[in-house]
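First up is the structure itself, then whatever we jot down about it.
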Amino acid sequence: MKRAGKAFFTDNLLTWNREINTRTMPWKGEKDPYRIWLSEIILQQTRVEQGWPYYERFIQAYPTVAHLAQAHDDEVFRLWQGLGYYARCRNMLAAAREIATRYHGVFPNTYDAILALKGIGAYTAAAIASFAYGLPHAVLDGNVYRVLARYFGVQTPSDSTAGKKEFTQLAGELLDKKQAGPYNQAIMDFGAVVCKPQAPECPTCPLSTQCLAYNTDRVDQLPVKTKKLVIRQRHFYYIILIYNNQVYIRKRAGKDIWQNLHEFILVETPGPVTLAELQASEAFRHTLPGVQFEVEGLSEQYKQQLTHQTIFARFLTLKGKGRAPKLEGYQLVPRSLLNDYAFPKTIVSYLEQQTTGLTLF
DNA sequence: AAAGCGGGGAA
DNA sequence: TTCCCAGCTTT
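The UniProt record's numbering applies: residue 1 is where the first sequence begins, and numbers increase by one.
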């Protein structure tokens, strides 16, 4: 497709990058493919400021892909705790181990081989290929969609198949193939610093004279997105059943949220219930068959907003009487060792409240 | 093609 | 509240 202002776009973007851009990040200019890969996985759907400390901790704990490949799953998940999208962590471990075995610890250096690794899609493959090896692949992330949609006035929804194709084509044409790495870095920095989602810096933007959105006063309407989110509400009651300073936990599995993170005994109800209703419920009696206990307390309601779900959680502390029962799927661990396990944010928040003693039942 | 997957910062 | 972030995988 013919579009106006392509040369102007690339030239002025690179000039802005050279003369004005002062953005610095630990992985910027990095040439070690392992470090680039690690940063890219951490930054998928994640703000730079949020991922930054995790990157530092991971590099510290696992300086090479061999270190990461040899690490224990639970230890790595504990380090990932709080970052979200935990499938990234699982895929990252799988990829590290494939690099260690199949590639004998040497990071693959072709776009297709990189793309074939677990957890790496078109964006991440292009980023690694261009940053580490200078290969001519254009990145297409949220920043690039926004910058291109505005500058060229692309109205095709960026989250549609047609839009993806169109933006991919356009991004590839704009790429400076002789300096793919710096170009990719520049367009993402530009999107993050100048062409921001809200309140972009149009008045000082070096591309504004040719920006279609700016010149038709439609900056705040681009890019177009279509998909509407359906958010489900769920009610979790976590039972902290204590025997002799030990509690039951399990690792979450299956297709639900928080895979590979840990949790207390979970009773989920269709809606909010009182303590009496909870104890009388089929789910509760099925989960704790014949268990004798004393109620120590019920916490306030914790709310956590996920992308597709709202989680309402309360924590019910029970002091077990008699011998600790076997509970299917759960293990009994000392409370003092809870720090060794990765938990979802809601549970971490609850545990912190207990530790700091801000909440008395 | 659409759904599902976290957590946090900013307006 | 709503939006969206250096997206990918599964259905």
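Every residue gets a Cβ at the ideal spot worked out from N, C-alpha and C, and that includes glycine.
What is the residue span of the beta strand (DSSP E) that residue i lies within?
i: residue 396; result: With the chain covering only 1 through 361, there is no way to say anything about residue 396.
i: V76; result: Per DSSP, V76 belongs to no beta strand (DSSP E); it is in the alpha helix (DSSP H), D73 to W80.
i: E296; result: F293 to L298
i: T287; result: No beta strand (DSSP E) holds T287; the alpha helix (DSSP H) holding it covers E282 to T287.
i: I114; result: Where I114 is concerned, there is no enclosing beta strand (DSSP E), although the alpha helix (DSSP H) it sits in stretches over Y111 to L115.
i: G320; result: Q309 to G320
i: T269; result: I265 to T269
Comparing alpha-carbon positions, which option in the options lies nearest residue i?
i: L327; options: A113, Y243, W80 and A4; result: Y243
i: residue 364; options: D73, K345 and L241; result: Since the first residue shown for the chain is 1 and the last is 361, residue 364 is missing from the structure and cannot be characterised.
i: Q45; options: M25, E75 and G84; result: G84
i: Y55; options: D74, C89, R23 and V154; result: C89
i: F236; options: L261, P270, T317 and L175; result: P270
i: I257; options: T307, R102 and T355; result: T307
i: P206; options: T346, D217, V219 and N12; result: N12
i: S299; options: L318, F293 and V291; result: L318
i: P289; options: G320, K345, V106 and T274; result: G320
i: Q246; options: F264, A186, A4 and Q233; result: F264
i: P26; options: E166, A116, T101 and G51; result: G51
i: L148; options: T161, M188 and R323; result: M188
i: F312; options: R232, E282 and I249; result: R232
i: L332; options: R250, A342 and E277; result: R250
i: residue 387; options: R102, R150 and Y248; result: In the structure as shown, the chain begins at 1 and stops at 361. Residue 387 is therefore absent and cannot be evaluated.
i: G105; options: V267, P33, A276 and T310; result: P33
i: T24; options: V48, K255 and L175; result: V48
i: E282; options: E268, Y341, F293 and E294; result: E268
i: A324; options: E277, V291 and Q155; result: V291
i: A66; options: F284, Y103 and G329; result: Y103
Report all residues from its chain with a CB closer than 7 Å to the CB of residue i; omit the five preceding and five following residues, and keep chain order.
i: L338; result: L351
i: A87; result: Q259
i: L79; result: R57, F58 and A61
i: G172; result: A138
i: E201; result: V194
i: G134; result: A180 and G181
i: T168; result: L140
i: T346; result: Y302, Q304, I311 and A313
Under 6 Å Cβ to Cβ from residue i, same chain only, skipping five residues before and after it: list those, please.
i: Q70; result: none
i: S130; result: H137, A180, G181 and N184
i: A127; result: E40 and V139
i: F8; result: Q210
i: M92; result: I41 and G119
i: P344; result: W258 and L261
i: Y303; result: What sits at residue 303 in the sequence shown is Lys, not Tyr. Cβ within range, chain order: F312.
i: W16; result: P206
i: P108; result: I114
i: P272; result: H235
i: A125; result: Y111, I114 and L115
i: E30; result: I36
Taking residue i as part of the alpha helix (DSSP H), name the residues at either end of that continuous run.
i: P26; result: From DSSP, P26 is part of no alpha helix (DSSP H); its letter is neither H nor E.
i: K165; result: T161 to L174
i: S130; result: A122 to Y133
i: residue 366; result: Any question about residue 366 goes unanswered here, given that the chain covers just 1 to 361.
i: Y85; result: Where Y85 is concerned, there is no enclosing alpha helix (DSSP H), given that its DSSP letter is neither H nor E.
i: I187; result: A180 to V193
i: V147; result: G142 to Y151
i: V65; result: V65 to Q70
i: N215; result: L212 to N215
On the DSSP bridge assignment, give the partners of residue i in chain order.
i: P334; result: Q246
i: R18; result: None, per the DSSP bridge assignment.
i: I42; result: Answer by DSSP bridge pairing: none, since I42 is not bridged.
i: Y302; result: A313
i: H262; result: K251
At a threshold of 6 Å, does residue i count as lining the ligand FAD (C-beta to nearest heavy atom)?
i: T15; result: Within the structure as shown, the ligand FAD is missing, as the structure has no ligands at all.
Got a sec? Which residues, its chain only, sit under 8 Å from residue i by beta carbon, not counting five neighbours each side?
i: K177; result: P136
i: F361; result: Because the pLDDT of F361 is 35, which lies under 50, any placement of that residue in the model is unreliable, and the number read from its coordinates should be weighed accordingly. So the qualifying residues of the chain are E296, G297, L298, S299 and T317.
i: V348; result: Q81 and G82
i: I20; result: P206
i: G153; result: L212, A213, T216, R218 and L222
Does the region 97-107 touch the region 119-127, meaning 3 or more C-beta pairs lie closer than 8 Å? They do not touch, by the three-pair rule.
Any 3 or more C-beta pairs closer than 8 Å across the region 220-229 and the region 27-44: no
When you compare the region 141-149 with the region 183-200, are there three or more beta-carbon pairs, one atom per stretch, that lie closer than 8 Å? Because the criterion of three Cβ pairs below 8 Å is met, the region 141-149 and the region 183-200 touch.
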